[in-house]
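Residue numbers (the working numbering): 452 to 871.
Now the structure itself:
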């Protein structure tokens, strides 16, 4: 992350390259291609198709601007703020056969080196049955928000706290005692612990909406009941392409759609999140399986000009018990939000979101504290579609928490989205 006024201290999962100019050229080319294709799609009103429809291209270009977030409330582990972001997102689907397709998604943030967001093969072996298999860098099955992650589907410029806010837990470093954990409350953007990696780095969200995980996935049914199951390399808080701890995550979501206006879902996941580099340096007596367990509920209701959504995400982490004042109890967190969108007139809507991120208390030599600082956020805004495939948003956001160097702030943000 980039601390205020300082140099970059830490970068996670970055691939170093000796030719930064080439990276810039590639990123600019991706951005230019995305803008041109998005403009072409917006004018044509349909996706771009090639090779007789066997290849389809889609994309989204979005730019978001806001004052600097000195409280780091909107930062992600990709060293970016969701409120200060220019993103080019290109998607492609190649139909290999009637039952097989390859799907691909590449992104560039702030004209940095492009990164692969999704790359998987989808198999539908039976045309008359609602069943498909997916393998590769696959979509998440947990919760509802990751399925509407793209800027057009999100009524406000920001991401919900449960899917973005960085806690003071890391996968590659752990505290040796509870005092080292509570002193980092509200500092998830740059966390330092003595066991494991000694470099300061960003913490983990409850669920990472900015990455997809590598693995296999099965989807069954459509309406009124559908089920999605996945086995992946990483966990909700830290999706992975390469295995880093010999563990796997199992996740799933059961959705109930009794009518087009109502969707309810229940999700669950369990997986080992602590990296091998931590296991290698802790005492043999403390080595074990340290998992993230999570459960979620989501609801969407629409009626007339209203769309109302709500989600709850519960997550539990276990850490090694090392020195005095050991962290013996699991660390629980609860994230919840509710949002509403109301259509004022054709092409114009108003939206609002209220959310809370809470943490359980742990004993320490400095007293009984929550293991991270609770956060509350309210946000309200509006969206306007001046022409087809163009969306302009504006919002006001207020954050406050019980910890950190900046405990409260207000941010005004604007966003323009172009898609095809």
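The beta carbon of each residue, even a glycine, is placed where N, CA and C say it ideally should be.
Restricted to the stretch 717 to 742, not a single beta strand (DSSP E) segment is unbroken, complete and at least 3 residues in length. Under the three-state reduction of DSSP, residue 510 is assigned to strand. Residue pairing by DSSP puts residue 745 in a beta bridge opposite 720 and 766. Within its own chain, the residues whose Cβ lies closer than 6 Å to the Cβ of residue 648, once the five positions on either side in sequence are excluded, are 623 and 624, listed in chain order.
Residue 632: member of the alpha helix (DSSP H) spanning 629 to 633, first to last residue. Buried is the label assigned to residue 661, since at least 16 other Cβ atoms lie within 10 Å of its Cβ. In this structure, residue 784 lies away from residue 641, with their beta-carbon atoms at least 7 Å apart.
Residue 754 sits in a strand when the DSSP states are folded into three classes. Straight across, the Cα-Cα distance linking residue 617 with residue 526 is about 7 Å.
In the structure shown, the three-state DSSP call for residue 823 is coil. DSSP, read as helix, strand or coil, puts residue 526 in strand. Using a 10 angstroms sphere on the CB of residue 871, the tally of other CB atoms reaches 16 or more, which defines it as buried. In terms of Cβ geometry, residue 699 and residue 682 form a close pair [threshold 7 Å]. A contact is defined here as three or more CB-CB pairs under 8 Å, and the stretch 821 to 829 meets this definition with respect to the stretch 847 to 856. When DSSP states are grouped into helix, strand and coil, residue 537 belongs to the strand group. By DSSP's assignment, residue 515 forms a beta bridge with 536 and 866. Taking 8 Å as the upper bound for CB-CB distance, residue 809 and residue 802 are not in contact here, some 24 Å apart. Ranking 859, 765 and 638 by CA distance to the CA of residue 782 puts 765 first.
DSSP places residue 596 within a helical segment (H, G or I) once states are collapsed to three.
When DSSP states are grouped into helix, strand and coil, residue 583 belongs to the strand group.
Counting only residues of its own chain and dropping the five nearest sequence neighbours on each side, residue 550 has a CB closer than 7 Å to the CB of 574, 575 and 576. In the DSSP assignment, residue 710 is bridged to 713. The alpha-carbon separation between residue 734 and residue 747 amounts to approximately 34 Å. About 7 Å separates the beta carbon of residue 664 from that of residue 691, a gap short enough to meet the 8 Å contact definition. With fewer than three CB-CB distances shorter than 8 Å, the stretch 768 to 782 does not count as touching the stretch 593 to 601. Contact between residue 678 and residue 687 is ruled out by a C-beta separation of about 18 Å, above the 8 Å threshold.
Just so you know, the alpha carbons of residue 835 and residue 508 end up roughly 25 Å apart. In the DSSP assignment, residue 572 is bridged to 553 and 586.
Per DSSP, residue 852 is one residue of the beta strand (DSSP E) stretching across 841 to 852. If you compare the alpha carbons of 502, 523 and 532 with that of residue 514, the shortest gap goes to 532.
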